[in-house]
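Contents: one structure, followed by commentary.
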Amino acid sequence: MTQAPAAVMNKSLSSLKFSRTRTTSKPIDKLFTHKTFQETRPNNNQQPTPKNPHPRTQQQNLISLIKSGTQNSLLQIHAHLIRTSLLQNPTFSLRFLSCLCFSPFRDLRYSRHFFSQIDKPSASHYSTLIRAYSSSDSPKDAFFLYKEMTQKGLKPDPVSSSFVLKSCMKFSSLFCGLQIHGRILGDGFQSDSLLLTTLMDFYSSFASRDEACKVFDEISKKDTVAWNVLISCYLRNGRTRDVLMLFDSMKNEGACKPDDVTCLLVVQACANLGALDFGEKVYGYIEECGYGVSLNLRNSLIAMYSRCGCLEKAYGVFKGMPEKNAISWSAMISGLAMNGYGRDAILAFEEMQRMGIAPDEQTFTGVLSACSHCGLVDEGMEFLHQMSKEFGIEPNIHHYGCIVDLLGRASLLDQAYQVIISMGLKPDATIWRTLLGACRIHGHVTLGERVIEHLIELKAQEAGDYVLLLNIYSSDGKWEKVTELRKFMKEKGIQTTPGCSTIELKGVVHNFIVDDISHPRKHEIYDKLDEINKQLKIAGYVAEITSELHDLGAEEKAHALSYHSEKLALAFGVLATPPGTTIRVTKNLRICVDCHNFAKFLSGVYNRKVIVRDRMRFHHFRDGGCSCNDYW
DNA sequence: ATAGGGTTAG
1 MTQAPAAVMN
11 KSLSSLKFSR
21 TRTTSKPIDK
31 LFTHKTFQET
41 RPNNNQQPTP
51 KNPHPRTQQQ
61 NLISLIKSGT
71 QNSLLQIHAH
81 LIRTSLLQNP
91 TFSLRFLSCL
101 CFSPFRDLRY
111 SRHFFSQIDK
121 PSASHYSTLI
131 RAYSSSDSPK
141 DAFFLYKEMT
151 QKGLKPDPVS
161 SSFVLKSCMK
171 FSSLFCGLQI
181 HGRILGDGFQ
191 SDSLLLTTLM
201 DFYSSFASRD
211 EACKVFDEIS
221 KKDTVAWNVL
231 ISCYLRNGRT
241 RDVLMLFDSM
251 KNEGACKPDD
261 VTCLLVVQAC
271 ANLGALDFGE
281 KVYGYIEECG
291 YGVSLNLRNS
301 LIAMYSRCGC
311 LEKAYGVFKG
321 MPEKNAISWS
331 AMISGLAMNG
341 YGRDAILAFE
351 EMQRMGIAPD
361 EQTFTGVLSA
371 CSHCGLVDEG
381 MEFLHQMSKE
391 FGIEPNIHHY
401 GCIVDLLGRA
411 SLLDQAYQVI
421 ISMGLKPDAT
431 IWRTLLGACR
441 IHGHVTLGER
451 VIEHLIELKA
461 QEAGDYVLLL
471 NIYSSDGKWE
481 KVTELRKFMK
491 EKGIQTTPGC
501 STIELKGVVH
511 NFIVDDISHP
521 RKHEIYDKLD
531 EINKQLKIAG
541 YVAEITSELH
551 DLGAEEKAHA
561 LSYHSEKLAL
571 AFGVLATPPG
581 TTIRVTKNLR
591 ICVDCHNFAK
601 FLSGVYNRKV
611 IVRDRMRFHH
621 FRDGGCSCND
631 YW
């Protein structure tokens with residue numbers, strides 16, 4: 001937007017003279033007869049002027065003038081409308097209003113000012129202004145206008161209702177949206193499928209999945225977009241598995257053919273689940289339908305493969321793209337980072353710059369996480385400075401989170417604490433938790449306790465945080481503290497999440513918890529695990545007993561560790577898959593050091609690629625080694 | 001007399 005007309009309008013409107021316009025001094029009434037009028041025309045004497053334009057022609061000319069209106073000519077027209085009382089003509093005022101609201105130089109304050117001069121604004125006037133406000137930075141005003149018009153007894157059209165709903169999502173007021181839902185029913189729009197689709201999206205953005213589903217059921221003609229909104233609702237609200245089911249039912253029941261957006265959502269669901277097989281199936285469908293040209297879709301495929309630990313395939317998609325944007329590069333960089341290829345991630349970042357693609361916030365999140373996963377402290381700090389100095393991107397909480405992780409892993413705990421204190425942003429629970437994780441790694445009791453205090457202050461302490469503190473105490477041998485904390489947790493009823501490992505075989509997901517005896521092949525699995533343990537010990541594996549949180553003797557500790565869910569899943573993998581195939585295990589929490597070592601030895605002794613995806617990232621094991629700096 | 005609507009990537 002250039003010069004805001006509002007600035008002009010703040011002066012008394014009546015003081016506005018046509019002569020204010022620099023470029024023309026012709027009387028406005030004459031100018032209106034020129035269809036091709038442009039205020040910048042230096043001299044329009046050559047233009048033939050009709051002698052006595054018919055009033056009707058004059059009005060038509062005025063309309064086309066408004067249509068092609070520029071900032072200055074609109075000011076003139078406004079003054080003209082006031083003088084001739086045309087402003088109270090519903091047609092003209094509406095034309096003029098929508099021109100003010102949607103022209104490239106729109107100014108909402110000016111529009112509002114103009115609106116206030118209309119004696120009896122119609123529903124259309126309101127709709128126009130509502131629409132303008134809904135995409136502005138004061139969406140709340142859209143809602144107020146909506147209320148105002150309904151109070152005046154004007155009936156909003158379905159389109160404005162839909163815009164107001166969007167506004168409510170913007171300023172996140174469930175309450176306001178509910179009122180609109182009521183109005184929609186009262187206005188008899190309950191069968192407008194586009195409006196209902198917006199309503200679904202509204203409920204979905206407030207995590208009201210049930211309500212969204214109810215609205216979906218009420219849509220008589222459900223088209224693909226309605227399905228997509230439903231799927232996006234399930235995805236947003238964490239019902240990821242159901243997304244896959246919905247995709248299948250769309251495809252099989254044939255009611256609605258999944259389009260590129262559907263595929264995009266489902267690919268994201270697969271990425272969240274780590275459901276590689278399903279993801280590949282969707283990829284096949286994408287190719288079959290020719291959606292593969294979509295940039296969005298390919299970008300999400302890169303992320304999906306990365307998050308399933310298939311870096312080669314992620315790279316394959318990336319390489320095959322004729323056009324790559326910042327998102328493609330960021331996805332690839334993050335993919336490399338989360339799979340332990342930090343150096344390559346940085347190389348990719350450099351290559352991206354050579355290609356002239358400007359990095360953005362999320363690119364730097366990927367780059368910094370690459371540094372933290374590979375322990376590149378100096379590089380990471382350098383990138384942090386570079387991003388604001390050279391790229392003008394101010395670090396956000398995620399960037400600082402990576403830095404805290406980076407310093408914390410490198411045992412620079414006090415420095416990490418200082419970063420949080422002095423970063424100039426309000427620390428969130430996640431960043432404290434990151435530091436707590438670092439305290440756990442380095443057994444830093446006093447700082448760990450301080451961090452818990454911060455979390456409690458934020459009222460954000462979770463069971464996992466206390467478990468980390470338990471870890472910190474036990475690794476330091478502070479058993480009386482461990483007992484005390486356990487008692488405290490019991491009193492407060494703090495439930496810890498049980499560790500769970502899953503392995504997917506032929507599309508079936510097998511779950512394991514510690515000491516699990518629920519699997520139908522439990523005997524074979526335990527036998528196999530004992531055999532593996534023997535073999536690994538020969539190769540030099542020693543149980544890392546600091547991973548055990550109970551005050552036990554060394555031998556008992558080793559025993560307590562030996563049936564962790566990861567190990568059961570790995571043993572089942574060795575048992576149930578042909579030699580040489582890759583074993584993929586997903587763990588809901590962080591893998592412990594001992595299981596990490598176990599997987600590493602297993603990859604060498606049994607000649608298997610092992611990929612463990614835990615809450616933090618991927619651990620790739622191969623030939624008795626790990627692609628990343630070992631545990632961290 | 002008249003503009004105008006819903007889903008989507010790192």
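Going letter by letter, the first sequence gives residues 1 to 632 in the UniProt record's numbering. Even glycine gets a Cβ: it sits at the ideal position worked out from N, Cα and C. Just so you know, these numbers come straight off a predicted model, no measurement behind them.
Just to confirm my understanding: we take residue i, look at its own chain, exclude 5 residues before and 5 after, and list those with CB closer than 8 Å. What are they?
| i | result |
| --- | --- |
| SER524 | Looking at the sequence provided, one finds Glu at residue 524 rather than Ser. Answer for GLU524: LEU575, listed in chain order. |
| LEU536 | PHE598, PHE601, LEU602, VAL605 |
| CYS168 | PRO139, PHE143, LEU174, CYS176, GLY177, ILE180, PHE202 |
Excluding the 5 residues preceding and the 5 following residue i in the sequence, name in chain order all residues of the same chain whose CB lies nearer than 7 Å to its CB.
| i | result |
| --- | --- |
| VAL215 | LEU196, LEU199, MET200, TYR203 |
| ASN511 | CYS500, THR502 |
| ALA429 | LEU455, LEU458, ALA460 |
| CYS289 | none |
| PRO322 | none |
Please return the same chain residues whose Cβ sits closer than 6 Å to the Cβ of residue i, not counting the five positions on each side in sequence.
| i | result |
| --- | --- |
| PRO520 | none |
| TYR133 | ASP141, ALA142 |
| GLN46 | Any reading at GLN46 must be qualified, since the residue scores a pLDDT of 44, below 50, and its modelled position is unreliable; the value itself is stated next. Same-chain partners within the cutoff: there are none. |
Nearest by alpha-carbon distance to residue i: which of the options is it?
| i | options | result |
| --- | --- | --- |
| THR513 | GLY477, LYS587, ILE583 | Residue 513 is actually Ile in this sequence, not Thr. The residue with the shortest Cα to Cα distance from ILE513 is LYS587. |
| LEU311 | ASP344, ILE357, LEU295, TYR291 | ASP344 |
| SER300 | CYS289, GLN179, THR262 | THR262 |
| GLU361 | GLU351, LEU376, SER330 | SER330 |
| LEU336 | HIS620, LEU570, PHE144 | HIS620 |
| GLY188 | PRO158, GLY177, CYS213, MET169 | PRO158 |
| ILE231 | GLU218, LEU246, SER220, PHE163 | LEU246 |
| HIS373 | ALA438, ALA207, SER328 | ALA438 |
| LYS506 | GLY477, LYS557, LEU376, PRO578 | PRO578 |
| LEU94 | ARG83, GLN76, LYS67 | LYS67 |
| GLN60 | HIS78, LEU87, PHE92 | PHE92 |
| TYR541 | ASN237, HIS596, THR496 | HIS596 |
Note down the Cα distance separating residue i from residue j, rounded to an integer number of angstroms.
| i | j | result |
| --- | --- | --- |
| ILE393 | CYS371 | 18 Å |
| CYS500 | ASP277 | 21 Å |
| PHE488 | ARG615 | 26 Å |
| LEU568 | ILE545 | 18 Å |
| ARG239 | LEU447 | 37 Å |
| PHE572 | LEU273 | 20 Å |
| SER191 | ILE219 | 7 Å |
| VAL445 | SER475 | 9 Å |
| PHE618 | ALA275 | 14 Å |
| ILE184 | SER161 | 7 Å |
| ARG209 | LEU165 | 16 Å |
| ALA255 | ILE583 | 38 Å |
| ASN325 | ASN228 | 25 Å |
| GLU531 | SER562 | 12 Å |
| LEU295 | TYR110 | 39 Å |
| ALA554 | ARG433 | 29 Å |
| VAL482 | TYR473 | 6 Å |
| ASP248 | VAL282 | 10 Å |
| LYS426 | LEU589 | 26 Å |
| SER627 | SER422 | 34 Å |
| ARG83 | PHE115 | 16 Å |
| GLY625 | CYS213 | 48 Å |
| ASP259 | VAL508 | 27 Å |
| ARG608 | GLN268 | 28 Å |
| SER205 | PHE163 | 15 Å |
| LYS155 | MET149 | 7 Å |
| SER15 | HIS78 | No answer about SER15 holds up, because its pLDDT of 33 lies below 50 and its placement is not dependable. |
Is it the case that the Cβ atoms of residue i and residue j are separated by a distance below 8 Å?
| i | j | result |
| --- | --- | --- |
| LEU470 | VAL451 | no |
| VAL612 | VAL585 | yes |
| HIS442 | LEU413 | yes |
| ILE494 | ALA463 | yes |
| ASP623 | SER565 | no |
| ALA560 | LEU570 | no |
| PHE175 | PRO139 | no |
| MET304 | GLY279 | yes |
| LYS235 | VAL225 | What sits at residue 235 in the sequence shown is Leu, not Lys. The answer is no: Cβ separation not under 8 Å. |
| residue 636 | ALA348 | Since the first residue shown for the chain is 1 and the last is 632, residue 636 is missing from the structure and cannot be characterised. |
| HIS399 | LEU376 | no |
Can you tell me whether residue i sits near the ligand ADP, meaning its C-beta is under 7 Å from at least one heavy atom of the ligand?
| i | result |
| --- | --- |
| THR240 | In the structure shown, the ligand ADP is absent, as is every other ligand, since no ligand is present at all. |
So does the region 124 to 131 actually touch the region 94 to 105, counting three or more Cβ pairs closer than 8 Å? yes
Stretch-stretch touch, CB-based, cutoff 8 Å, three pairs: the region 376 to 394 with the region 404 to 412: yes
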